[in-house]
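Residue numbers (the working numbering): 25 to 362.
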Ligand code: AHM
Ligand code: MG
């Protein structure tokens with residue numbers, strides 16, 4: 025075997041090695057993460073074909089080959105559900121695409137875990153060829169017994185997450201995951217169809233180069249948010265150099281860049297959106313978990329996002345996340361102007 029091959033770590037091997045370090049691990053979480061990685065590969069394949077599907081001409085849902093085309097977000101949603109509905113590892117699921125819980129079909133055994141996901145975040149970016157992502161959150165079930173899961177299993181604070189992951193479909197496809205033992209990133213090698221370890225043990229800088237916000241909504245912001253963003257821009261009396269503004273409008277892409285380079289991503293509450301835009305259980309919680317595992321921090325402006333007890337499945341939450349110093353500064357400005 026060429027010596028370079030001994031350095032290649034597939035996501036499967038990494039997950040397995042990681043789980044091996046947990047005393048009493050049964051391998052169920054390992055298998056669930058495999059299933060998620062496989063779903064990610066299928067979605068990545070369709071994502072790269074999305075543009076060419078348009079070129080081939082789709083009318084009323086059919087392409088020139090007579091194949092029924094699905095919207096990519098519907099496809100992603102179904103792939104993730106079907107990949108996990110029959111394995112005996114999951115007791116209930118929830119997705120951004122569905123108002124209600126996704127129950128495991130009666131003919132399959134319910135399992136130990138709860139899977140919550142946003143199948144294709146930033147989907148308005150598909151048509152303009154910008155990056156999009158998928159987000160996963162995994163909890164243990166908390167209802168007793170081995171029946172089907174309930175809303176109570178889904179509505180848990182982020183501090184109880186067992187694992188979280190996101191996939192970014194960009195210039196390459198990457199999957200980033202944490203099971204509470206650091207954050208690890210894998211790049212999909214399309215020639216062999218494997219996610220290979222490319223970013224072991226990601227640590228986010230404590231302060232950063234970038235801020236990411238929809239600045240167009242500035243007139244709707246509170247005074248605290250206005251003052252905070254002016255501080256990021258170096259417009260206050262401290263005379264600091266401004267941070268660079270980077271905003272794709274696809275949270276995973278904005279979050280991922282800032283995780284690696286340092287920075288803050290914010291989607292604050294404003295007068296038009298009093299709880300912000302982003303959803304707590306399948307957008308903010310998993311990214312807050314990953315940020316914390318990488319040494320960063322995520323806040324709703326007043327408290328740690330991981331401490332919030334969700335009240336309902338699709339609840340929104342203001343978000344400030346990324347480098348710890350920058351997020352704590354946001355809390356300071358919002359406290360002063362409360
Ligand atoms: P979506 O779940 O409908 O795709 O919306 C979420 C997306 C995030 O990815 C992104 O951060 C945000 O919406 C951008 O919103 P805006 O266009 O208001 O800046
Ligand atoms: Mg979304």
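Even glycine gets a Cβ: it sits at the ideal position worked out from N, Cα and C.
Since the structure is predicted, the reported quantities are computational estimates derived from the model, not experimental observations.
Practice item. Determine the contact status of residue 186 and residue 162, defining contact as a CB-CB distance below 8 Å. Key: In the chain shown, counting from the first residue as 1, residue 186 sits at position 162. In the chain shown, counting from the first residue as 1, residue 162 sits at position 138. Taking 8 Å as the Cβ cut-off, residue 186 and residue 162 qualify as a contacting pair.
Exercise for review: May I have all residues whose beta carbon comes closer than 6 Å to any heavy atom of the ligand MG, sorted in chain order?
Suggested key: 120, 142, 145 and 307
Point to revise | Through-space distance from residue 274 to residue 191, alpha-carbon basis | key: One-based indexing of the chain shown puts residue 191 at position 167. One-based indexing of the chain shown puts residue 274 at position 250. Going by the C-alpha atoms only, they are around 12 Å apart.
**Study point:** Helix, strand or coil at residue 143 [DSSP, three-state]
**Key:** As a working mapping, residue 143 is identified with position 119 in the chain shown. The answer is strand: DSSP assigns residue 143 an E or B state.
Review point. Relative to the alpha-carbon of residue 107, which residue among 235, 63 and 193 has its alpha-carbon at the smallest distance?
Key: Sequence index remark: in the chain shown, residue 107 carries index 83 (1-based). Nearest of 235, 63 and 193 to residue 107, Cα basis: 63.
**Study point:** heavy atom of the ligand AHM below 7 Å from residue 7 C-beta
**Key:** In the structure displayed, the chain extends from 25 to 362; residue 7 sits before or after that span and is not available.
Check your understanding: Does DSSP put residue 265 in a helix, a strand or coil?
Key -> Indexing the chain shown from 1 puts residue 265 at position 241. In this structure, residue 265 counts as coil in the three-state DSSP scheme.
Exercise for review: Would you mind listing the alpha helix (DSSP H) stretches within the region 101–178 that are 4+ residues and don't spill past its ends, in chain order?
Suggested key: 175–178
Point to revise | Proximity to residue 174 [Cα-Cα], best of 153, 135 and 351 | key: Here residue 174 refers to the residue found at position 150 when the chain shown is read from its first residue. Taking only the C-alpha atoms, the option nearest residue 174 is 135.
Check your understanding: How about residue 340 and residue 299: do their beta carbons lie closer than 8 Å?
Key -> Reading the chain shown from its first residue, position 316 is the one you call residue 340. Reading the chain shown from its first residue, position 275 is the one you call residue 299. Yes, the pair counts as a contact, with Cβ atoms nearer than the cut-off.
Review point. Just how far apart, CA to CA, sit residue 309 and residue 142?
Key: Counted from its first residue, the chain shown places residue 309 at position 285. Counted from its first residue, the chain shown places residue 142 at position 118. Answer to the nearest angstrom: the Cα atoms are 12 Å apart.
Check your understanding: Is residue 340 helix, strand or coil by DSSP?
Key -> Here residue 340 refers to the residue found at position 316 of the chain shown. Correct three-state label for residue 340: strand.
Practice item. With DSSP as the reference, please indicate the residues paired to residue 288 in a beta bridge. Key: Within the chain shown, the letter at position 264 stands for residue 288. BP columns for residue 288 point to 235 and 346.
**Study point:** Buried versus exposed, by CB contacts within 10 Å (16 or more), residue 338
**Key:** Position 314 of the chain shown holds residue 338. Exposed is the call here.
Practice item. Would you mind listing the beta strand (DSSP E) stretches within the region 300–343 that are 3+ residues and don't spill past its ends, in chain order? Key: 321–323
Exercise for review: Look up residue 201 in the DSSP assignment and say whether it is helix, strand or coil.
Suggested key: As a position in the chain shown, residue 201 is number 177, starting the count at 1. Strand at residue 201.
Practice item. Compute the Euclidean distance between the alpha carbons of residue 128 and residue 293, then round it to the nearest angstrom. Key: Within the chain shown, numbered from 1, the residue matching residue 128 stands at position 104. Within the chain shown, numbered from 1, the residue matching residue 293 stands at position 269. Cα-Cα distance, rounded: 35 Å.
Review point. Is the beta carbon of residue 322 less than 8 Å from the beta carbon of residue 312?
Key: Taking the first residue of the chain shown as 1, we reach residue 322 at position 298. Taking the first residue of the chain shown as 1, we reach residue 312 at position 288. Contact: yes.
Practice item. Could you give the DSSP three-state label for residue 362: helix, strand or coil? Key: Stepping through the chain shown from its first residue, residue 362 is reached at position 338. Here residue 362 sits in coil by DSSP.
Exercise for review: Return yes when at least one heavy atom of the ligand AHM lies under 7 Å from the C-beta of residue 282, else no.
Suggested key: Stepping through the chain shown from its first residue, residue 282 is reached at position 258. No, since every heavy atom of the ligand AHM falls outside the 7 Å radius drawn around the Cβ of residue 282.
Exercise for review: Tell me whether the beta-carbon of residue 157 lies closer than 8 Å to the beta-carbon of residue 193.
Suggested key: Walking along the chain shown from the start, residue 157 turns up at place 133. Walking along the chain shown from the start, residue 193 turns up at place 169. Contact: yes.
Exercise for review: Determine, using beta carbons only, whether residue 70 comes closer than 8 Å to chain C.
Suggested key: Although the question refers to chain C, the structure presented lacks it and comprises just one protein chain.
Review point. Should the region 196–216 be called in touch with the region 247–263, which here means at least 3 C-beta pairs below 8 Å?
Key: no
Check your understanding: Quick one: Cα of residue 83 to Cα of residue 272, how far?
Key -> Residue mapping note: residue 83 aligns to position 59 of the chain shown, counting from 1. Residue mapping note: residue 272 aligns to position 248 of the chain shown, counting from 1. With a pLDDT of only 45 at residue 83, under the threshold of 50, the placement of this residue in the model should not be trusted; the figure read from the coordinates follows. Near 29 Å, if we compare the C-alpha coordinates of residue 272 and residue 83.
Point to revise | Outcome for residue 110 when other beta-carbon atoms lying within 10 angstroms are tallied against a minimum of 16 | key: Residue mapping note: residue 110 aligns to position 86 of the chain shown, counting from 1. Counting Cβ neighbours within 10 Å, residue 110 comes out exposed, since fewer than 16 surround it.
**Study point:** Cβ-based burial, residue 145 [other Cβ within 10 Å; buried from 16]
**Key:** Start at 1 with the first residue of the chain shown, and residue 145 comes out as number 121. Counting Cβ neighbours within 10 Å, residue 145 comes out buried, since at least 16 surround it.
Check your understanding: How long is the line joining the alpha carbons of residue 80 and residue 199, rounded to whole angstroms?
Key -> The residue you call residue 80 lines up with position 56 of the chain shown. The residue you call residue 199 lines up with position 175 of the chain shown. For residue 80, the predicted structure reports a pLDDT of 49, less than 50, and the residue's modelled location is therefore unreliable. A value from the coordinates is still provided. Each residue's alpha carbon lies about 29 Å from the other.
Check your understanding: Is it true that the CB of residue 320 sits closer than 8 Å to the CB of residue 345?
Key -> Start at 1 with the first residue of the chain shown, and residue 345 comes out as number 321. Start at 1 with the first residue of the chain shown, and residue 320 comes out as number 296. Cβ atoms of residue 345 and residue 320: closer than 8 Å.
Practice item. Output the distance between the C-alpha atoms of residue 126 and residue 34, rounded to the nearest integer angstrom. Key: The sequence position of residue 126 within the chain shown is 102, counting from 1. The sequence position of residue 34 within the chain shown is 10, counting from 1. Cα-Cα distance, rounded: 30 Å.
Review point. Are residue 276 and residue 202 touching if we call contact CB-CB under 8 Å?
Key: One-based indexing of the chain shown puts residue 276 at position 252. One-based indexing of the chain shown puts residue 202 at position 178. Against a cut-off of 8 Å, the Cβ pair of residue 202 and residue 276 comes out as no contact.
Point to revise | Environment of residue 357 [buried if 16+ CB atoms lie within 10 Å] | key: Residue mapping note: residue 357 aligns to position 333 of the chain shown, counting from 1. Looking at its Cβ environment, which holds 16 or more other Cβ atoms inside 10 Å, residue 357 is buried.
Check your understanding: By Cβ distance below 6 Å, which residues in the same chain neighbour residue 89 in space, the five residues on each side in sequence not counted?
Key -> Working through the chain shown from its first residue, we reach residue 89 at position 65. Low local confidence applies: a pLDDT of 48 at residue 89 is under 50, so the model's placement there is unreliable, with the coordinate-based value given in what follows. Counting only Cβ-Cβ distances below 6 Å, and skipping sequence neighbours, we find nothing.
Review point. Any heavy atom of the ligand AHM within a distance shorter than 7 Å of the CB on residue 153?
Key: As a first step, residue 153 is located in the chain shown; it is residue number 129 there, counting from the start. The answer is no for residue 153.
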